[in-house]
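Peer 1:
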Amino acid sequence: MTKFVIRRLLQTIPVLIGVSVLVFSLMYLIPGDPAQIIAGEGASPQTVEQIREKLGLNEPAPVQYLKYMKNVVQGDLGNSIRSNRPVMDEIKARFWTTVELSFYATILAVFLGLIAGIISAVRHYTWSDVSIMIVALFGLSMPNFWLGLMLIQWFAIGPDWLPDFLKMRASGWGDSWRQLLLPVITLGTGGAAIIARMTRASMLEVIGQDYIRTARAKGMGERVVVYRHALKNALIPVITVVGLEFGGFLGGAVLTETIFAINGMGRLTIDAIRTRDFPIVQGTVLIISFLFVLVNLLVDISYRFLNKRIDLN
Numbered sequence: 000m001t002k003f004v005i006r007r008l009l010q011t012i013p014v015l016i017g018v019s020v021l022v023f024s025l026m027y028l029i030p031g032d033p034a035q036i037i038a039g040e041g042a043s044p045q046t047v048e049q050i051r052e053k054l055g056l057n058e059p060a061p062v063q064y065l066k067y068m069k070n071v072v073q074g075d076l077g078n079s080i081r082s083n084r085p086v087m088d089e090i091k092a093r094f095w096t097t098v099e100l101s102f103y104a105t106i107l108a109v110f111l112g113l114i115a116g117i118i119s120a121v122r123h124y125t126w127s128d129v130s131i132m133i134v135a136l137f138g139l140s141m142p143n144f145w146l147g148l149m150l151i152q153w154f155a156i157g158p159d160w161l162p163d164f165l166k167m168r169a170s171g172w173g174d175s176w177r178q179l180l181l182p183v184i185t186l187g188t189g190g191a192a193i194i195a196r197m198t199r200a201s202m203l204e205v206i207g208q209d210y211i212r213t214a215r216a217k218g219m220g221e222r223v224v225v226y227r228h229a230l231k232n233a234l235i236p237v238i239t240v241v242g243l244e245f246g247g248f249l250g251g252a253v254l255t256e257t258i259f260a261i262n263g264m265g266r267l268t269i270d271a272i273r274t275r276d277f278p279i280v281q282g283t284v285l286i287i288s289f290l291f292v293l294v295n296l297l298v299d300i301s302y303r304f305l306n307k308r309i310d311l312n
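When we follow numbering that gives the first Met the number 0, the leftmost residue of the sequence shown carries the number 0, and every step to the right adds one.
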C-alpha cells in the first residue's frame, strides 16, 4: 500500500507540471498587459515599462515560467495584481467555503444517487425504474445556472403563497441551512443523476452474476443479497464517478458561487478573469487541479478496502 501511494504521488508531479504549463501559456495568450492594468489607464509609458521590468515581464516566457514554478514549490504563488496581497492569502480566505460547498454537494449527490440507483436496479423494467431514470435524465440535462436561477425564483423571491419554512436565502454562505440548501441542490443535482444511472447499471451487472444466484439459492434474504453482496461489488465504478464528481464540483462551483454571491474560490476566479488578475487565476487553477488529483488518489486507495482481491500494482 505504501509503495502504491508513493508511486501515485510521484505520478501526480508530471500531471501538475502539465497543468501549470497549460495555465501559464493560456494566461499569456489572453490579450491584455498586466503592467498596464497595474499602472492604470492614464499611466505614462515609462511607468508601465518600470512595472514590467519589476515583474520580469520583459524576460522570455520559459524564464518567467521557471521562476514562477520555483516560487510555487516554495509555497509562493505571487501577489495579486488587483489587491497586491499574496495569492496564497487570497485563496486561503476563500478555500474552505468552496471545499465545504463541494463536500455538501457530494454528500447530497451520493445519498440521492445511491438510493435512486438501488431502487431502480432492484425494480428494473418497472414503472419505478422508468420514473427514476426519467427524473435522472431531467436532472442531468439541466444546466447549473438555470437550475440555480429557478430555485431562487421559487424558494427565495416568491411566490407569496409559499410557507415561510420553505423560503430560503438567495445569497451568501453561512451557518444557516437556509443559505446552504439552494446552492448545494444546484451543484449536486447533476451529480446525483450521474451516480443514480451508474449505480443502476453496475447493480444490474452484479445482480446477474453466479455468486448472487448462489446466495439466493442458499436462502439468504433479498436485503442481505442486495446490500451485503451486490452493492459492495457494484460500488467500485460508482466510487470512481464520485471522485470525478467531487473534482467536477470544485470546478463547477465557479458558476454556483457567482449565482448565489458566495465568496469562494470560484467567485474569486471569475473576478480575477474579469480583471485579468493572472496570478490569482493561475493559483486557483493549480490548487483545484491538486485537489482533483488528490481525491482521485484516495478513490484508487478505497478500491482495496472494498475488494481485497484488487491488486493495486
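Beta carbons are placed, not taken as given, at the ideal position from N, Cα and C, and that holds for glycine.
Does Pro236 come out as helix, strand or coil in the three-state DSSP assignment?
Peer 2: Of the three classes helix, strand and coil, the one that applies to Pro236 here is helix, per DSSP.
Peer 1: Check whether the Cβ atoms of Gly55 and Gln63 sit closer than 8 Å, and answer yes or no.
Peer 2: The answer is yes: Cβ separation under 8 Å.
Peer 1: Taking just the CA atoms, how far does Met149 sit from Ser175?
Peer 2: Roughly 21 Å between the two C-alpha positions.
Peer 1: Ignore the nearest five residues each way along the sequence and tell me which others in Asp276's own chain have a CB closer than 7 Å to its CB.
Peer 2: Contacts found: Ser79, Ile80, Arg81.
Peer 1: Using a 10 Å radius around the Cβ and a threshold of 16 neighbouring Cβ atoms, would you call Gly190 buried or exposed?
Peer 2: Buried, by the Cβ-count rule.
Peer 1: Tell me whether the beta-carbon of Val22 lies closer than 8 Å to the beta-carbon of Leu285.
Peer 2: In this structure, Leu285 lies closer than 8 Å to Val22 by Cβ.
Peer 1: Taking the alpha-carbon positions, what's the Met320 to Arg273 distance?
Peer 2: Nothing about residue 320 can be read from this structure; the chain reaches only from 0 to 312.
Peer 1: Considering only the beta carbon of each residue, do Ala195 and Gly251 sit closer than 8 Å?
Peer 2: Contact: no.
Peer 1: Looking at Phe144 and Leu249, is the spacing between their C-beta atoms short of 8 Å?
Peer 2: No. Outside cutoff.
Peer 1: Suppose you measure from the CA of Ile287 to the CA of Gly218; what does that come to, to the nearest Å?
Peer 2: Near 49 Å, if we compare the C-alpha coordinates of Gly218 and Ile287.
Peer 1: Alpha carbon to alpha carbon, how far is Ile206 from Trp172?
Peer 2: The straight-line gap from Cα to Cα measures roughly 42 Å.
Peer 1: Whole angstroms is fine: what's the gap from Ala214's alpha carbon to Val225's?
Peer 2: Whole-angstrom Cα-Cα distance: 10 Å.
Peer 1: Here's the rule: buried if 16 or more other CB atoms are within 10 angstroms of the residue's CB, otherwise exposed. What is Met197?
Peer 2: Burial call: buried.
Peer 1: Let me confirm a value: Ile193 is counted as buried when at least 16 other C-beta atoms fall within 10 Å, else exposed. Which label applies?
Peer 2: Result: buried.
Peer 1: Taking the runs of the alpha helix (DSSP H) that are 4 residues or longer, which of them lie wholly in the region 156 to 200?
Peer 2: Whole alpha helix (DSSP H) segments, 4+ residues: zero.
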